[in-house]
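Visitor:
Residue numbers (UniProt numbering): 1 to 116.
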């Protein structure tokens with residue numbers, strides 16, 4: 001479960017359907033961000049218009065992953081890039097925790113199956 005600003009969204013990265021949606025949304029997001037920055041901010045300096053554009057790209061990521069309108073529920077300010085970056089980071093950490101938990105469970109099962 002992914003929670004942001006008291007909103008809860010089903011997120012189990014070990015569910016193949018969610019994994020597929022995540023992978024597709026992630027690719028779209030990173031392609032969009034890198035493409036935008038390459039074209040509009042090659043020196044790495046964002047403008048207000050750049051912040052708006054990147055917020056929109058990240059909003060699309062969350063909408064693609066969790067359903068249309070998700071970003072509108074999640075974020076308290078329409079163009080706060082910092083809030084969106086924190087949410088992406090939290091989601092990536094959750095994904096990492098789920099994968100590590102799965103690896104530990106597999107290791108435990110292997111150990112038990114081998115009688116160790």
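The beta carbon of each residue, even a glycine, is placed where N, CA and C say it ideally should be.
Just so we're clear, the structure is a prediction, and the values are computed from it rather than from any experiment.
Thinking residue 70 and residue 63 are a contact (beta carbons under 8 Å), I'd like their distance in whole angstroms, please.
Guide: By one-based count along the chain shown, residue 70 stands at place 70. By one-based count along the chain shown, residue 63 stands at place 63. With 8 Å as the limit, residue 70 and residue 63 qualify as a contact, their Cβ atoms being about 5 Å apart.
Visitor: Determine, using beta carbons only, whether residue 13 and residue 1 come nearer to each other than 8 Å.
Guide: Reading the chain shown from its first residue, position 13 is the one you call residue 13. Reading the chain shown from its first residue, position 1 is the one you call residue 1. Their beta carbons are not under 8 Å apart, which means residue 13 does not touch residue 1 by this criterion.
Visitor: Throw me the rounded Cβ distance for the residue 93 and residue 58 pair, which I believe falls under 8 Å.
Guide: Here residue 93 refers to the residue found at position 93 when the chain shown is read from its first residue. Here residue 58 refers to the residue found at position 58 when the chain shown is read from its first residue. Not really, about 16 Å apart at Cβ, beyond 8 Å.
Visitor: Would you call the CB atoms of residue 66 and residue 9 closer than 8 Å?
Guide: Mapped onto the chain shown, residue 66 falls at position 66. Mapped onto the chain shown, residue 9 falls at position 9. Closer than 8 Å, so yes.
Visitor: Between 19, 54, 42 and 44, which lies nearest to residue 30 when the distance is taken from Cα to Cα?
Guide: Locating residue 30 in the chain shown gives position 30, counting from the first residue. Residue 30 has its Cα closest to that of 54, out of 19, 54, 42 and 44.
Visitor: Is it the case that the Cβ atoms of residue 7 and residue 74 are separated by a distance below 8 Å?
Guide: Within the chain shown, residue 7 is the residue found at index 7, counting from 1. Within the chain shown, residue 74 is the residue found at index 74, counting from 1. Contact flag set, yes.
Visitor: Compute the Euclidean distance between the alpha carbons of residue 115 and residue 15, then round it to the nearest angstrom.
Guide: Indexing the chain shown from 1 puts residue 115 at position 115. Indexing the chain shown from 1 puts residue 15 at position 15. Computed Cα separation, rounded: 29 Å.
Visitor: I need the boundaries of the beta strand (DSSP E) containing residue 11, first residue and last residue.
Guide: On the chain shown, position 11 is the one that residue 11 refers to. No beta strand (DSSP E) contains residue 11, which DSSP labels as neither H nor E.
Visitor: Just the Cα atoms here: how many angstroms apart are residue 46 and residue 23?
Guide: Here residue 46 refers to the residue found at position 46 of the chain shown. Here residue 23 refers to the residue found at position 23 of the chain shown. The straight-line gap from Cα to Cα measures roughly 26 Å.
Visitor: In the DSSP assignment, the alpha helix (DSSP H) including residue 97 goes from what residue to what residue?
Guide: Position 97 of the chain shown holds residue 97. Its alpha helix (DSSP H) spans residues 81-113.
Visitor: Just to check my reading of the structure: residue 4 and residue 100 have Cβ atoms closer than 8 Å, yes? What is that Cβ distance to the nearest angstrom?
Guide: Reading the chain shown from its first residue, position 4 is the one you call residue 4. Reading the chain shown from its first residue, position 100 is the one you call residue 100. No, residue 4 and residue 100 are not in contact; Cβ-Cβ is about 21 Å, not under 8 Å.
Visitor: Just to confirm, is the Cβ distance from residue 32 to residue 40 under 8 Å?
Guide: Working through the chain shown from its first residue, we reach residue 32 at position 32. Working through the chain shown from its first residue, we reach residue 40 at position 40. It is not a contact, given that the beta carbons lie outside the stated cut-off.
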